[in-house]
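Below is one structure, written out as structure tokens, with a few remarks after it.
Number of protein chains: 2
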Amino acid sequence: MLKNSEFVSKLRNSGLRPTKQRLKICEVLFNRDKTFHFTINDLAKNISENFNKKISLATIYNTVHAFKDKGYLKEITISSDKSYFDTNITKHHHFYDEDTNLLIDCNDNEIGKVNIKNNITGKKISSVEVLVRVASDTQNQN
Amino acid sequence: MLKNSEFVSKLRNSGLRPTKQRLKICEVLFNRDKTFHFTINDLAKNISENFNKKISLATIYNTVHAFKDKGYLKEITISSDKSYFDTNITKHHHFYDEDTNLLIDCNDNEIGKVNIKNNITGKKISSVEVLVRVASDTQNQN
DNA sequence: AATTTATATTATAATCATTCTAAACTGTTG
DNA sequence: CAACAGTTTAGAATGATTATAATATAAATT
Chain Z
86 MLKNSEFVSK LRNSGLRPTK QRLKICEVLF NRDKTFHFTI NDLAKNISEN FNKKISLATI
146 YNTVHAFKDK GYLKEITISS DKSYFDTNIT KHHHFYDEDT NLLIDCNDNE IGKVNIKNNI
206 TGKKISSVEV LVRVASDTQN QN
Chain G
86 MLKNSEFVSK LRNSGLRPTK QRLKICEVLF NRDKTFHFTI NDLAKNISEN FNKKISLATI
146 YNTVHAFKDK GYLKEITISS DKSYFDTNIT KHHHFYDEDT NLLIDCNDNE IGKVNIKNNI
206 TGKKISSVEV LVRVASDTQN QN
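Chains Z and G supply the protein sequences, listed in that same order. Residue 86 is where the first sequence starts when you use the working numbering, and the numbers rise one by one after that. Residue 86 is where the second sequence starts when you use the working numbering, and the numbers rise one by one after that.
Here it is as structure tokens:
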């Protein structure tokens, strides 16, 4: 569990003022044992249920994007209608459970290194992401 | 180049009536040498420029979704604000050029098989997708 | 080939997530 | 504590997608 003062430094170090709203959002996102995968909607609901003061939806959007830009969060795109954020900012891949709509982080024990034999683009690789969709046997295969 | 009658059969075989609009969209999408990566907006623009009769935007949405459901198209999600469709329905991966916003298909010569050592979900894998984002050296790394 | 039925198209309205706006508020600096 | 820049806010605006319901078309039936 991180202390409030640690979040204050974290925010200051990246040029963000430690406001009440941002500190509350830090607490919700980063005071956890496990990685947190969430949508904006999940986060807004969590805050409205567990915080007496209301945080405006616009602020939640602004803050999540600021945190993403500062590298506190990674965005994971699963489908055009769902945007997830991930508090695990290390390089890693994901399983996506189509039955429950839940994301699961993978580490190198689950998915090996992706072998890019031939980068035909001639450009620098900025990221490599693997998404493994899983579902019960009864589901359609894609 | 496929003939109109071939598109008629293709549509009939999957239970879709071969209407003028659907045939025109087939022609735009499938009468090509190379794979076509497009957004709904790209397709709508292409049709309005190259077809004398107007096709309603609603019809373009309906048709693209119908074609996807029937397996003529694959949807590729790059970011929450851009949804691409791909006329290449075989299993393959992609490079995404962040400078130009263009997708490039990969085959096994470019990206090797992804080694899933350990499927912790206990469910059936419905797809494995790799997205390699590339950009010029001057771009930020993620 | 006319009639009936089911399906598709259309323009427009509705929806919904996200972003914008500009006024009020707060944190920081001197 | 005054001044300033940065932040929050409610509500409006935006824009992509979907719904609606009237009209049109394709297919099946007579």
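Quick reminder that beta carbons are idealized off the backbone N, C-alpha and C, glycines included.
Any chain Z beta carbon closer than 7 angstroms to residue i
i: serine 94(G); result: no
i: threonine 104(G); result: no
i: valine 213(G); result: yes
i: serine 133(G); result: no
i: threonine 162(G); result: yes
Cross-chain neighbours of residue i in chain G, by beta carbon under 7 angstroms
i: serine 90(Z); result: None at all; the shortest Cβ gap to chain G is about 29 angstroms.
Limits of the beta strand (DSSP E) - the one that residue i falls within
i: valine 213(G); result: 209 to 220
i: histidine 178(G); result: 178 to 182
i: isoleucine 189(G); result: 187 to 191
Partners in chain Z for residue i, counting only beta-carbon separations shorter than 7 angstroms
i: leucine 216(G); result: Glu214
i: valine 199(G); result: Ile196, Val199 and Val215
Start and end residues, alpha helix (DSSP H) containing residue i
i: leucine 96(Z); result: 89 to 98
Whole-number beta carbon distance between residue j and residue i, since they are thought to touch under 8 angstroms
i: leucine 188(G); j: histidine 179(G); result: 5 angstroms
i: isoleucine 196(G); j: valine 215(G); result: 6 angstroms
i: phenylalanine 136(G); j: lysine 159(G); result: So it is not a contact: roughly 24 angstroms between Cβ atoms.
i: asparagine 203(Z); j: asparagine 194(G); result: 6 angstroms
i: serine 165(Z); j: serine 99(G); result: Rounded, the Cβ-Cβ distance is 23 angstroms, inconsistent with contact.
i: aspartate 182(Z); j: lysine 209(G); result: Rounded, the Cβ-Cβ distance is 11 angstroms, inconsistent with contact.
i: isoleucine 125(G); j: threonine 162(Z); result: 17 angstroms between Cβ atoms; not a contact.
Where residue i meets chain Z, residues with beta-carbon distance less than 9 angstroms
i: asparagine 203(G); result: Cys191, Asn194, Glu195 and Ile196
i: lysine 208(G); result: Phe180, Asp182, Glu183, Asp184, Val219, Ala220, Ser221, Asp222 and Gln224
Within-7 angstroms CB hit, residue i to chain G
i: serine 99(Z); result: no
i: serine 141(Z); result: no
i: leucine 87(Z); result: no
Partners in chain G for residue i, counting only beta-carbon separations shorter than 8 angstroms
i: isoleucine 145(Z); result: By Cβ distance, chain G contributes nothing, its closest Cβ being about 15 angstroms from isoleucine 145(Z), past 8 angstroms.
Within the region 109 to 168 of chain Z, note down every full beta strand (DSSP E) run reaching 3 residues or more, in order along the chain. Taking 3 residues as the shortest admissible run, the region 109 to 168 of chain Z contains the following complete beta strand (DSSP E) segments, listed from N- to C-terminal end: 159 to 164.
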